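In what follows, a single structure is set out as structure tokens and then discussed.
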Amino acid sequence: MTQMKRFDAIIIGTGQAGPSLAARFAGAGKTVAIIERQKFGGTCVNTGCIPTKTLVASAYAAHVARRGAEYGFANGDVRVDMKRVKARKDEVSGRSNKGVEEWLRGLENCTVIQGHARFQSSRTIVVNGEVLEADKIFINVGGRASVPAMPGIHDVPFLTNSSMMDVDFLPEHLVIIGGSYVGLEFGQMYRRFGSDVTVVEKGQRLIGREDEDVSQTVREILEAEGIRIRLNAKCISLAKRENRIAVGTECKEDPLEVLGTHVLLAVGRTPNTHDLGLDRAGVATDDHGFIMVDDQLQTSVPGIWALGDCNGRGAFTHTSYNDYEIVADNLFNADHRRVSDRIQAYALYIDPPLGRCGMTDTEIRKSGRRALAAKHPMSRVSRAFEKGETQGFIKLSVDAETKQILGAAILGTGGDEVIHVLLDVMYAKAPYTVVQRAMHIHPTVAEYLPTVLSKLEPLRER
Ligand SMILES: Cc1cc2nc3c(=O)[nH]c(=O)nc-3n(C[C@H](O)[C@H](O)[C@H](O)COP(=O)(O)OP(=O)(O)OC[C@H]3O[C@@H](n4cnc5c(N)ncnc54)[C@H](O)[C@@H]3O)c2cc1C
């Protein structure tokens, strides 16, 4: 081992929190080392949001082209060239990956190290045989696709969100195990590229964390495009059958099988915390390997913080970036921001997208609050029928006493953007009447929010 190198801060991982934090330290004149073992930018940039949303855009274009006759143009036979689709995705994703690396390497006071980091003690990290020391260490190691020990998993080839990034051909029949956010985005995308797609889900419905009406409408949207959905697949198993992969879905002796050419595993994420030497630092994790943190993202060891997916307090790019803001504001601005102040918000990027904020109906009912609720079909939103995209609905709930918005789901064209109208009012802790009295632009989906709010009635099954 060579001599120990000292820094003011060490950051492990260049996901959505690490690079901005490195820039903050470097900008404040502090020395910082940032370590990355794979690709700069982490999951979102290389195997998550950016490449998948780029692929979703290609799939959407193909879908609209196939509907050309409805819009008044000749469409002919739309055939997708997967090599070009992948090249476009690589270009967009590669630009961000390069951007993060160049940004970090260009920062004064910042040392960029490529290699696998491990704790040696609560103040020291070993990487490439070198020991680095700092009083402040930040863990931003993210996660990877979970690979559960289902029968046959080692007997067949399978894909994950990472290996899907190398696919430059059209799978004849893609079987997706997992009917949640990642699985459904890939499912619709590949169906639109031209594959047969079957989604196998062990739960009773798709995206089980959402309300039933959301799950049901998402199912209808996907089935209308020819995606086959098999729910209640209690005992999923895999086996080779000549040139096919059989995905068993039932626990019986003679089980029902789905025969596919390729299998994508989309059954959740596992934090990258098993090979970090956390025990040497004394950093506590929960039963699933997530690093336990307090409301300001400090771990069980003073001087060590955990940000992003690895702390189990969020599973999105924006939650990881928000973790950075919380840590940076606490350290640099003495602004005591807390994780518990943030409002849940995310989108599911099928088409039409689902934008979500705040509580679901189920959560509201559990909380025992008296709530008012309203729902409006997208088929009665003029922007939606002008665009020929009328699937879905807007629904929202407000607290009957405080008049504050409790939660909303906008499943429909523009839902991922329009949801922010409600989210910002929630952060402002303003009553819903602010939205109701605002003059919105015509024709937009957002202009219907006052109309939806005028239909509030006591929350019941919907
Ligand atoms: C298919 C898919 C689609 C998604 N789409 C969206 C979306 O549309 N919107 C959204 O908000 N979120 C989306 N997500 C989630 C989002 O990508 C993640 O929440 C986000 O990237 C988490 O970032 P992070 O900062 O926690 O870490 P990551 O981005 O995972 O980065 C962690 C980095 O740490 C590095 N690392 C790990 N261990 C070590 C070590 N020991 N030494 C050195 N380096 C290490 C890794 O190589 C990695 O680069 C998607 C995820 C997937 C899988």
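In our numbering, each residue carries its 1-based index in the sequence shown increased by 144. For every residue, glycine included, the Cβ atom is placed at its ideal position computed from N, Cα and C. Since this is a predicted model, take the numbers as computed values, not measurements.
One thing to note: D152 has its Cβ within 8 Å of the Cβ of T175. For P594, there is no enclosing beta strand (DSSP E); the enclosing alpha helix (DSSP H) has its first and last residue at L593 to L597. With respect to the 8 Å criterion, K539 and A552 are classified as neighbours on the basis of their beta carbons. Residue state for Q360 is assigned as helix, using DSSP reduced to three classes.
As summarised for the segment 365 to 449, the continuous beta strand (DSSP E) elements at least 3 residues long and confined to that stretch are 372 to 374, 381 to 385, 388 to 392, 401 to 404, 406 to 409 and 413 to 415, given in chain order.
Between M583 and T557, the CB-CB gap reaches or exceeds 8 Å. In this structure, M294 keeps its C-beta atom at 8 Å or more from the C-beta atom of L199. With a 10 Å radius around the Cβ and a threshold of 16 neighbouring Cβ atoms, G426 comes out exposed.
Taking a contact to require three or more Cβ pairs closer than 8 Å, the segment 326 to 341 and the segment 492 to 503 qualify as touching.
A172 is a Cβ neighbour of F476, given a cutoff of 8 Å. Contact between the segment 306 to 313 and the segment 412 to 420 is absent, with fewer than three C-beta pairs closer than 8 Å.
Runs of the alpha helix (DSSP H) spanning 4 or more residues and lying entirely within the segment 549 to 588 occur at 559 to 571 and 577 to 581, in chain order.
One Cα belongs to V244, the other to T595, and the distance between them is close to 43 Å.
A distance below 8 Å between beta-carbons, with the five flanking residues on each side excluded, links K531 to the following residues of its chain, in chain order: T557. DSSP, reduced to helix, strand and coil, places E245 within a helical segment of the structure shown. S464 places its beta carbon less than 8 Å from that of Q160.
Straight-line spacing of the CA atoms in D453 and F217 works out to 45 Å. Secondary structure of F460 (DSSP, three-state): coil. For H462, the shortest C-beta to heavy atom distance toward ligand 1 is below 7 Å. Out of T361, S381, K378 and I470, the CA that lies nearest to the CA of L555 is found in T361. For G327, the uninterrupted alpha helix (DSSP H) run begins and ends at Y325 to F337, by DSSP.
G322 sits buried, since 16 or more C-beta atoms from the chains shown fall within 10 Å of its C-beta.
According to DSSP, G502 shares a beta bridge with G551. Under the three-pair Cβ rule at 8 Å, the segment 386 to 395 does not count as touching the segment 252 to 269. Each of D439, S526, G456 and L420 was checked against the Cα of D431, and the nearest Cα belongs to G456. Note on N305: 16 or more other CB atoms within 10 angstroms of its CB, so buried under the neighbour-count rule. Counting along the chain, I194 sits inside no beta strand (DSSP E); it lies in the alpha helix (DSSP H) bounded by residues C193 to R210. The DSSP-derived three-state label of I257 is strand.
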